[in-house]
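K.L.:
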Amino acid sequence: MEADPTQWEIAKVEDKVAAMDNYLDAKKAAAGLGKGVFAEKKANYALENCERVFRYTEINDDASKETLAAKEQSLSNPGA
4 MEADPTQWEI AKVEDKVAAM DNYLDAKKAA AGLGKGVFAE KKANYALENC
54 ERVFRYTEIN DDASKETLAA KEQSLSNPGA
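Taking my numbering, the leading residue of the sequence shown gets 4, the next gets one more, and so forth.
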């Protein structure tokens, strides 16, 4: 059963991965592990947790007509 959205924890994947390797932040993790290794760990975490990971992207006025229509529909019917 999924948790209620009010119970969700919103966090950056890079911060979660850094903490898993006992780094205080993503910058220190990338420096300690190497940028390539850290990028691979972030990708693996996202894949292994794909049902819980999302990327927030704002839809601006330059988006396609279809995207803008979907945005308008979503705004007019929240939770649908």
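Where is the CB? At the ideal position from N, CA and C, for every residue including glycine.
Within 8 Å, do at least three Cβ pairs link the stretch 26-38 to the stretch 55-72?
P.N.:
The stretch 55-72 vs the stretch 26-38: no contact.
K.L.:
If you drop the 5 nearest sequence neighbours on each side, which residues of the same chain put their C-beta closer than 6 Å to that of K85?
P.N.:
Missing from the structure shown is residue 85; the chain here goes from 4 to 83 and no further.
K.L.:
Could you check how far apart the C-beta atoms of A29 and E17 are, in whole angstroms? I think they sit under 8 Å.
P.N.:
Position 26 of the sequence shown, counting from 1, holds the residue named residue 29. Position 14 of the sequence shown, counting from 1, holds the residue named residue 17. Sure, about 4 Å apart at Cβ, within 8 Å.
K.L.:
In terms of residues, what are the limits of the alpha helix (DSSP H) holding T70?
P.N.:
As a position in the sequence shown, residue 70 is number 67, starting the count at 1. Run containing T70: 68-79, per the alpha helix (DSSP H) assignment.
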